[in-house]
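FYI, in the working numbering the residues of the sequence shown are 3 to 410.
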Amino acid sequence: MRGRELRGELDAFLAETEKDLVAFRRDLHMHPELAFAEYRTTQRIAERLSAVGLVPSVLPRGTGLICDVGSGDGPTIALRADIDALPLQDEKDTSYRSTVPGACHACGHDVHTTILLGTSLFLAQQAAAGLLPGRVRLIFQPAEELPGGALEVMAHGGISGVDRIFGLHCDPRVDVGQIGLKAGPITSACDRLLIRVSGPGGHTARPHLTADLVFALAKILTELPAALSRRVDPRSSLSLVWGRVEAGSAANAIPDDGVAEGTVRCLDENAWHAAPDLIKALLESVAGAYGVEATMEYTRGVPPVVNDEVSVEMLAEAAERALGSTSVVPTQQSLGGEDFAWYLESIPGAFARLGTRSPENGVTYDIHQGTFDVDESAIPTGVRFMATTALTALWEGAPILPITSALA
Ligand SMILES: [Zn+2]
Ligand SMILES: [Zn+2]
């Protein structure tokens with residue numbers, strides 16, 4: 003019953019604001035700003051929130067902001083949108099194409115931002131009418147593409163006191179009006195690995211009197227991925243793939259150093275946490291067997307986004323309430339990374355895929371391409387979905403799960 007009333011209220015709200023929201027998105031699209039430089043974007047959002055009596059708190063760097071709606075005794079639910087653009091050229095031929103050379107909202111973060119703004123305005127109305135049984139924290143996060151903006155938000159208390167968090171991302175492979183959901187991991191981890199080996203060097207005539215560095219490096223390059231395949235659960239799909247290797251300068255000289263670089267991708271969070279120590283131990287044991295020294299630099303990307311099951315059920319319920327019973331479609335885990343994962347390391351929550359493909363023209367404009375664009379009816383769809391998600395989570399309460407069980 004509450005759902006039906008809410009639907010009517012959202013219809014009325016969007017009848018008034020939809021055009022304005024589309025214009026807001028186009029303005030952001032024409033003025034994209036890169037990670038940690040989203041000053042104008044942040045100001046535009048802050049102005050709109052302040053205009054309805056909300057009190058946004060801009061993060062110390064001046065990009066990104068946090069704002070609470072409502073003060074009811076119920077739980078606190080966070081909704082997050084990322085606001086940054088990508089360093090690539092806009093190749094579209096539209097009235098709202100980017101006016102900034104080499105910058106483009108090619109990941110749809112302008113759409114995410116607009117949807118969260120619309121949701122904020124609607125929730126502010128609900129709160130004023132005494133209809134918000136708790137608090138909603140709006141997180142307009144900078145620098146998702148870097149990545150690192152999520153850590154910046156968390157460092158400034160962005161999710162303290164939050165019981166559950168939700169976010170979404172444009173998906174050009176899903177028709178507009180539909181929501182892709184999946185419990186468990188939905189994106190992947192991708193880290194970088196650099197190893198250096200060193201030895202005394204020498205003549206290729208006498209490898210036994212020195213350490214044969216090229217041979218040792220070759221062993222490391224093949225043994226590490228092979229050993230990982232036997233030391234890590236195959237279901238985690240942890241894969242180490244080399245992209246660069248360098249050693250030596252002459253056919254008859256054993257060099258004294260060498261380097262190899264690659265990526266470590268992983269679908270499973272536990273395996274991702276364990277990977278650096280395991281790789282280091284394997285590296286040292288192979289290098290030691292051939293008498294060379296080896297060191298490694300392991301650069302963390304982001305962990306996989308691991309959707310909490312209860313939160314996914316709330317998203318599914320909200321989608322059905324707001325968009326109808328056929329709106330939820332299954333989605334797969336992607337090999338891309340998303341820094342929303344950092345929030346889910348601390349609190350339960352879930353990340354949804356918002357369909358942005360226009361069923362009429364059937365063209366898929368992929369993200370991270372200069373041609374990327376969305377069917378803008380995804381904006382009202384997203385507002386309906388996000389607002390209903392927040393209210394559904396508030397109505398159902400949000401049990402505070404211990405971190406370990408949220409990640410299990
Ligand atoms: Zn992106
Ligand atoms: Zn993105």
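Glycine included, C-beta positions come from ideal geometry on N, C-alpha and C.
None of these values were measured; they are calculated from a predicted model.
- By the neighbour-count criterion, in which a residue is buried when 16 or more other Cβ atoms sit within 10 angstroms of its Cβ, E299 is exposed.
- At least one heavy atom of ligand 2 lies less than 7 Å from the C-beta of D84.
- When only Cα atoms are considered, D112 and S231 end up about 40 Å apart.
- Per DSSP, the continuous alpha helix (DSSP H) segment holding A395 begins and ends at 380-397.
- Sorted by chain position, residues whose beta-carbon lies closer than 7 Å to a non-hydrogen atom of ligand 1 are L88, C109, E146, E147, I369, H370.
- For the options G76, G179, R27, G150, the alpha carbon positioned closest to that of C106 is the one of R27.
- The beta carbon of P58 is closer than 6 Å to those of A48, L51, L67, C69 in its chain, skipping five residues each way along the sequence.
- Counting of Cβ neighbours within 10 angstroms places Q143 among the buried residues, the total reaching 16 or more.
- Within the region 226-272, complete alpha helix (DSSP H) segments of at least 4 residues are not found at all.
- By the neighbour-count criterion, in which a residue is buried when 16 or more other Cβ atoms sit within 10 angstroms of its Cβ, E146 is buried.
- Within the DSSP bridge table, the entry for R355 names H171, G182 as partners.
- By the C-beta criterion, the region 307-315 is judged not to be in contact with the region 116-124, since fewer than 3 inter-stretch pairs fall below 8 Å.
- Check the Cα spacing between Q45 and each of I85, V24, A17: the tightest is with I85.
- Around the beta carbon of V365, fewer than 16 other beta carbons lie within 10 angstroms, which makes this residue exposed.
- When DSSP states are grouped into helix, strand and coil, A320 belongs to the helix group.
- With fewer than 16 other CB atoms across the displayed protein chains lying within 10 angstroms of its CB, A283 is exposed.
- For V24, the closest alpha carbon among the candidates V330, H114, Q91 is that of H114.
- For Y41, the uninterrupted alpha helix (DSSP H) segment begins and ends at 41-53.
- Between the C-alpha atoms of G136 and H158 there is a straight-line separation of about 22 Å.
- Three or more beta-carbon pairs separated by less than 8 Å link the region 254-270 to the region 185-203, which places the two stretches in contact.
- Relative to the non-hydrogen atoms of ligand 2, the Cβ of H111 comes within a distance shorter than 7 Å of at least one.
- Annotated as distal: L12 and R302, with beta-carbon spacing of 8 Å or more.
- Annotated as proximal: V330 and E322, with beta-carbon spacing under 8 Å.
- CA-CA distance, L196 to P89, rounds to 25 Å.
- Taking 7 Å as the cut-off, the C-beta of H31 does not count as close to any heavy atom of ligand 2.
- Per the coordinates, the alpha-carbon of A87 lies some 6 Å from the alpha-carbon of P34.
- In the DSSP annotation of this structure, the continuous segment of the alpha helix (DSSP H) that includes D29 starts and ends at 4-32.
- Contiguous alpha helix (DSSP H) elements confined to the region 136-161 occur at 151-157, taking only those with 4 or more residues.
- Note on geometry: alpha-carbon atoms of T373 and V234 lie some 39 Å from one another.
- In this structure, the CA atom of P77 is about 28 Å from the CA atom of P332.
- If you check the C-beta of H171 against ligand 2, you find a heavy atom less than 7 Å away.
- Taking C-beta atoms under 8 Å as the contact rule, A213 and P202 qualify, at a distance of about 6 Å.
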